[in-house]
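S.K.:
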Amino acid sequence: MRGREQSQGSSPASRECDCVRLDPAVACCVRAERSFAACRPDRLHPSARPAADAGGRDLRRDGTGQRQARQTRERSGQAEGLRVSAPQTSTKRYRRVRLLGHGGMATVELAHDTELDRPVAIKRLAENLAANEEYKQRFLREARLAARLSHPNIVAVYDAGAENGVPYIVMEYVEGETLSDLVRRRRRLEPAEAVALALQACWGLETAHDAGLVHRDIKPQNLLITPDGTLKIADFGIARSLDGTQLTQAGTVLGTAAYLAPEQAAGDQVTAAADIYALGAVLYELLTGRPPYEADSLAELFAKQTEGSITPLRELAPAAPARLEDAVMHALARVPKYRPESAAAFAAELAATPAAVTTVDRSLAPTRPMRRVRSSWGRAAPRRRLLSAAAIFAAALVALVLALSLGGGSKSPKPVAPPSTSGSTAQQARAFSAWLRGHAAGG
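Residue numbers for the sequence shown follow my numbering, beginning at 1387 and rising by one.
(1) Does DSSP classify Glu1561 as helix, strand or coil?
(2) Straight-line CA distance for Tyr1670 to Leu1699?
(3) Please tell me whether Arg1602 and Val1656 are closer than 8 Å, where the distance is taken between their beta carbons.
(4) Taking 8 Å as the cut-off, does the segment 1572–1579 touch the segment 1649–1666 (at least 3 CB pairs, one atom from each stretch)?
(5) In whole angstroms, give me the CA-to-CA distance for Val1668 and Ile1604.
(6) Could you check how far apart the C-beta atoms of Ala1584 and Leu1736 are, in whole angstroms? I think they sit under 8 Å.
(7) So what's His1537 in DSSP terms, helix, strand or just coil?
(8) Buried or exposed for Tyr1679, going by 16 or more other Cβ atoms inside 10 Å?
(9) Looking only at its chain, what residues have a beta carbon closer than 6 Å to the beta carbon of Gly1675, apart from the 5 residues adjacent to it on each side?
(10) Provide the residue(s) that pair with Val1543 in DSSP beta bridges, ordered along the chain.
(11) Going by CA-CA distance only, name the one from Met1715, Ala1689 and Ala1705 that's closest to Ala1664.
(12) Determine the contact status of Ala1717 and Ile1662, defining contact as a CB-CB distance below 8 Å.
(13) Please classify Val1721: is it buried, with 16 or more other beta-carbons within 10 angstroms of its beta-carbon, or exposed?
(14) Could you spell out where the beta strand (DSSP E) holding Ile1662 opens and where it closes?
(15) Check Thr1593 in the structure and name its three-state DSSP category.
(16) What would DSSP say about Tyr1480, mapped onto helix, strand or coil?
(17) Check the DSSP bridge columns for Arg1510 and list the partner residues they point to.
(18) Which residue comes first and which comes last in the beta strand (DSSP E) that contains Lys1618?
(19) Buried or exposed for Glu1520, please, with buried defined as at least 16 other CB atoms from any protein chain shown within 10 angstroms of its CB.
(20) Ordered along the chain, which non-local residues of its own chain (more than five positions away) have a Cβ less than 7 Å from that of Gly1562?
(21) So Glu1649 and Ala1660 are supposed to be a Cβ contact under 8 Å. How far apart are they, rounded?
(22) Alpha carbon to alpha carbon, how far is Ala1713 from Pro1726? Give it in angstroms, no decimals.
(23) Enumerate in chain order the residues of its own chain whose CB-to-CB distance from Gly1590 is below 6 Å, with the five nearest sequence positions on each side excluded.
(24) Taking a contact to mean a Cβ-Cβ separation below 8 Å, would you say Ala1681 touches Ala1643 in this structure?
(25) Taking Cβ to Cβ, would you say Ala1548 is nearer than 8 Å to Val1556?
(26) Which residues does DSSP pair with Gly1487 in a beta bridge?
(27) Does the beta-carbon of Arg1572, which I'm using as the reference point, lie nearer than 7 Å to any heavy atom of the ligand NAP?
(28) From Asp1621 to Asn1608, what does the alpha carbon distance come to, in whole angstroms?
(29) Contact defined as beta carbons within less than 8 Å: I believe Glu1558 pairs with Ala1542. What is the distance between those atoms, to the nearest angstrom?
(30) Helix, strand or coil for Leu1609 per DSSP?
(31) Out of Asn1550, Asp1503, Glu1701 and Pro1505, state which residue places its alpha-carbon closest to the alpha-carbon of Asn1514.
(32) Helix, strand or coil for Leu1599? Go by DSSP, reduced to three states.
(33) Is the beta carbon of Ala1580 closer than 8 Å to that of Leu1672?
(34) On a CA-only basis, which of Glu1592, Leu1535, Tyr1724 and Leu1511 is nearest Tyr1554? Give me that one, please.
(35) So for Asp1499, helix, strand or coil by DSSP?
(36) Does DSSP put Pro1505 in a helix, a strand or coil?
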């Protein structure tokens, strides 16, 4: 009774209410939910009620957001044993928007770059792997390798860092879908559409190989397609330099089984030819709806590759031209030296097929000429330059046909004189390609 009398004579903000003392410094805002959970509203002083109500609303809203985030993380992989990074902002520069997806090594979030006012994708190493130094080095090495590449058909890397010991990579955000999503939705593509996508992958790989990098994990999930049909190669997480430096020991197999070249499945030395094989396997799947080899283990895959038991492409895709089947099977040769000698050479073969000049329903045309392969690859470099030029000519023709097909026939193209044929072969190819793009745009 004495305590009650004393409390009645004290200030409203320091009064005891059901054994809970109100803190004047907090002013009932931050701890309002706990402080007033057991209090009757009529026991509060009128001056304290607005602050208590506001604090309670804020805490309830924050609690709802935390529960939703926790449920999202659990749905996104925690139930599968993957320790998903908690929602973070990376730095004050990047504001997290939502979770895009997760894989065996990392989660990917959509974020907003507050300095440049643009969406970005932030890839974070899974927390349970961040303590492993090898995984950490491999993850950050991806950022360094990919940052060396600048090409419209490769996902750009903007930034990298670490927060609370968890490394992250800030990348270009690509709207659209993966090639895997497209195959799942469409099952198989028309030959012209499949070739146009494969050509873009060739241009991206040519740039990577020219920089001395092998991707080693070309698969539909790592090939992104924008709404306008541009293909972008993503995830250089297990890429390695052609100079032989690598983080994994000899004999280590990295990659996705269905698209592994035989030498990669065997744990042997991997070169650019492995990427060409993988792209051939992807193209086979785009045309037929299934990969060339289906296996449940590396041992089974290697046995099937050794036997060479691939179902002929045209048995599963009768609409594919014979020359396209030859080009795909050339890329799928078991021995690396029997495959196209470069991504440029593979592109030239694809561009020369009848499927490359068939009208499709949207433009999947090249965005820039391919770069030549480094002369350090051997004496065949001059021949590769010619193949690159040939691919540019053929691909430019594809660009013209595709662009004109989008015009619907309502307009005839304006007559424009073709470029001069003087200069080197590469210069002629670049000029002709630019002229065709401008000619198509002017129509």
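Think of the CB as a built atom: it goes at the ideal place given N, C-alpha and C, for glycine as much as any other residue.
M.R.: In this structure, then:
(1) The residue you call residue 1561 lines up with position 175 of the sequence shown. Glu1561 falls in the coil class under three-state DSSP.
(2) By one-based count along the sequence shown, residue 1670 stands at place 284. By one-based count along the sequence shown, residue 1699 stands at place 313. Spanning the two alpha carbons is a distance of roughly 7 Å.
(3) Position 216 of the sequence shown holds residue 1602. Position 270 of the sequence shown holds residue 1656. Taking 8 Å as the Cβ cut-off, Arg1602 and Val1656 qualify as a contacting pair.
(4) Touching, no, given that fewer than three Cβ pairs across the two stretches are closer than 8 Å.
(5) Residue numbering aside, residue 1668 sits at position 282 when the sequence shown is read from its first letter. Residue numbering aside, residue 1604 sits at position 218 when the sequence shown is read from its first letter. If you take the alpha carbons of Val1668 and Ile1604, they lie about 8 Å apart.
(6) In the sequence shown, the residue the question calls residue 1584 occupies position 198. In the sequence shown, the residue the question calls residue 1736 occupies position 350. Correct: roughly 6 Å between the Cβ atoms.
(7) For the purposes of this step, residue 1537 is identified with residue 151 of the sequence shown, where counting begins at 1. For His1537, the secondary structure class from DSSP, reduced to helix, strand or coil, is coil.
(8) By one-based count along the sequence shown, residue 1679 stands at place 293. Burial is judged here by how many other beta carbons sit within 10 angstroms of a residue's own beta carbon; Tyr1679 has at least 16 and is buried.
(9) Translated into positions along the sequence shown, residue 1675 becomes position 289. The beta carbon of Gly1675 lies closer than 6 Å to those of Arg1573 and Arg1574 in the same chain, with the five residues before and after it left out.
(10) For the purposes of this step, residue 1543 is taken as residue 157 along the sequence shown, with counting starting at 1. Partner(s): Met1557.
(11) Taking the sequence shown and counting its residues from 1, the one referred to as residue 1664 is at position 278. Cα-wise, what sits closest to Ala1664 is Met1715.
(12) Your numbering for residue 1717 matches position 331 in the sequence shown. Your numbering for residue 1662 matches position 276 in the sequence shown. Yes.
(13) Counted from its first residue, the sequence shown places residue 1721 at position 335. By the neighbour-count rule (16 or more Cβ atoms within 10 Å), Val1721 is not buried but exposed.
(14) Locating residue 1662 in the sequence shown gives position 276, where the first residue counts as 1. First-last for Ile1662: Ala1658 to Thr1674, but that is the alpha helix (DSSP H), not the beta strand (DSSP E).
(15) Indexing the sequence shown from 1 puts residue 1593 at position 207. DSSP places Thr1593 in helix when its eight states are reduced to three.
(16) Position 94 of the sequence shown holds residue 1480. Of the three classes helix, strand and coil, the one that applies to Tyr1480 here is strand, per DSSP.
(17) Here residue 1510 refers to the residue found at position 124 when the sequence shown is read from its first residue. Answer by DSSP bridge pairing, in chain order: Thr1493 and Tyr1554.
(18) Taking the sequence shown and counting its residues from 1, one reaches residue 1618 at position 232. From DSSP, the beta strand (DSSP E) with Lys1618 extends over Leu1617 to Ile1619.
(19) Here residue 1520 is taken as the residue at index 134 of the sequence shown, counted from 1. When all chains shown are included, Glu1520 counts as exposed.
(20) Translated into the one-based positions of the sequence shown, residue 1562 becomes position 176. Taken in chain order, the residues that qualify are Leu1610, Ile1611, Thr1612 and Pro1613.
(21) Taking the first residue of the sequence shown as 1, we reach residue 1649 at position 263. Taking the first residue of the sequence shown as 1, we reach residue 1660 at position 274. Their Cβ separation, rounded to whole angstroms, is 7 Å, which keeps Glu1649 and Ala1660 in contact under 8 Å.
(22) To locate residue 1726, count along the sequence shown from 1; it is residue 340. To locate residue 1713, count along the sequence shown from 1; it is residue 327. Each residue's Cα considered, the two are about 9 Å apart.
(23) To locate residue 1590, count along the sequence shown from 1; it is residue 204. Cβ neighbours of Gly1590 beyond the five flanking positions: His1537, Asn1539, Ile1540 and Ile1619.
(24) Indexing the sequence shown from 1 puts residue 1681 at position 295. Indexing the sequence shown from 1 puts residue 1643 at position 257. Closer than 8 Å, so yes.
(25) Position 162 of the sequence shown holds residue 1548. Position 170 of the sequence shown holds residue 1556. Cβ atoms of Ala1548 and Val1556: not closer than 8 Å.
(26) By 1-based counting over the sequence shown, the position of residue 1487 is 101. BP columns for Gly1487 point to Val1494.
(27) Absence of the ligand NAP is noted for the structure shown, with no ligands found whatsoever.
(28) Residue numbering aside, residue 1621 sits at position 235 when the sequence shown is read from its first letter. Residue numbering aside, residue 1608 sits at position 222 when the sequence shown is read from its first letter. Cα to Cα, Asp1621 sits roughly 6 Å from Asn1608.
(29) As a first step, residue 1558 is located in the sequence shown; it is residue number 172 there, counting from the start. As a first step, residue 1542 is located in the sequence shown; it is residue number 156 there, counting from the start. Correct: roughly 4 Å between the Cβ atoms.
(30) Residue 1609 sits at position 223 when you count from the first residue of the sequence shown. Strand, per DSSP.
(31) Numbered from its first residue, the sequence shown carries residue 1514 at position 128. Taking the Cα of Asn1514 as reference, the smallest distance to any Cα among Asn1550, Asp1503, Glu1701 and Pro1505 is reached at Asn1550.
(32) For the purposes of this step, residue 1599 is taken as residue 213 along the sequence shown, with counting starting at 1. Leu1599 sits in a strand when the DSSP states are folded into three classes.
(33) Numbered from 1 along the sequence shown, position 286 holds the residue referred to as residue 1672. Numbered from 1 along the sequence shown, position 194 holds the residue referred to as residue 1580. Contact: yes.
(34) In the sequence shown, residue 1554 corresponds to position 168, counting from 1. Relative to the Cα of Tyr1554, the nearest Cα in the group Glu1592, Leu1535, Tyr1724 and Leu1511 belongs to Leu1511.
(35) For the purposes of this step, residue 1499 is taken as the residue at position 113 of the sequence shown. Note: Asp1499 maps to strand in three-state DSSP.
(36) Residue mapping note: residue 1505 aligns to position 119 of the sequence shown, counting from 1. Residue state, collapsed to three classes: strand.
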